[in-house]
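The structure appears right after this line, and notes come after that.
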Amino acid sequence: MEQRRDPWAPFRIWTALTIGVYALRATFAATWVGAIPGWVLLLLLLVALALATSALLFPGRVIPWREGEPMGWWGRFLADRRLGRRPKAGEDPR
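Now the structure itself:
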């Protein structure tokens with residue numbers, strides 16, 4: 022069986038790194054550590070945007086938890102509509 026991985030994992034790691042570098046720069050603004058140039062932060066941001074774009078354009082590696090089960094609230098909504106079931110007033114739509 023092929024190992025599946027989360028396409029958003031690199032984006033989350035890179036975003037955490039970017040926020041950490043920015044926080045370090047802001048915390049030590051008056052010292053040499055705070056002298057991180059703005060282009061470094063811009064580069065970190067552009068790489069984060071590229072990783073997010075990659076995850077959005079190529080999500081094929083993610084599979085539903087159970088095969089055949091609709092994914093997300095929109096999938097459940099469409100499955101209910103196909104079956105002709107509508108939630109009653111006060112009923113939890115899940």
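Numbering-wise (our numbering), the sequence shown opens with residue 22 and increments by one.
Yeah, the Cβ is synthetic: ideal placement off N, Cα and C, and Gly gets one too.
If you're wondering where the values come from, they're calculated on a predicted model, not measured in any experiment.
Handout entry: CB contact flag (F32, L72, <8 Å)
Key = Position 11 of the sequence shown, counted from the first residue, corresponds to residue 32. Position 51 of the sequence shown, counted from the first residue, corresponds to residue 72. Closer than 8 Å, so yes.
Handout entry: Inter-residue spacing [alpha-carbon to alpha-carbon] between A44 and G59
Key = In the sequence shown, the residue the question calls residue 44 occupies position 23. In the sequence shown, the residue the question calls residue 59 occupies position 38. Looking at the two C-alpha atoms, the distance is approximately 13 Å.
Problem - DSSP-derived helix/strand/coil call for P58 - result: Here the question's residue 58 lines up with position 37 in the sequence shown. Three-state result, P58: coil.
Practice task
Apply the 10 Å Cβ neighbour rule to L65 and answer buried if 16 or more other Cβ atoms are within range, or exposed otherwise.
Solution key: What you label residue 65 is simply residue 44 of the sequence shown in a count that begins at 1. Looking at its Cβ environment, which holds 16 or more other Cβ atoms inside 10 Å, L65 is buried.
Handout entry: Backbone CA spacing between M22 and G105 [nearest angstrom]
Key = Residue numbering aside, residue 22 sits at position 1 when the sequence shown is read from its first letter. Residue numbering aside, residue 105 sits at position 84 when the sequence shown is read from its first letter. A caution first: M22 carries a pLDDT of 49, below 50, which makes its placement in the model unreliable, though a value can still be read off. Each residue's alpha carbon lies about 36 Å from the other.
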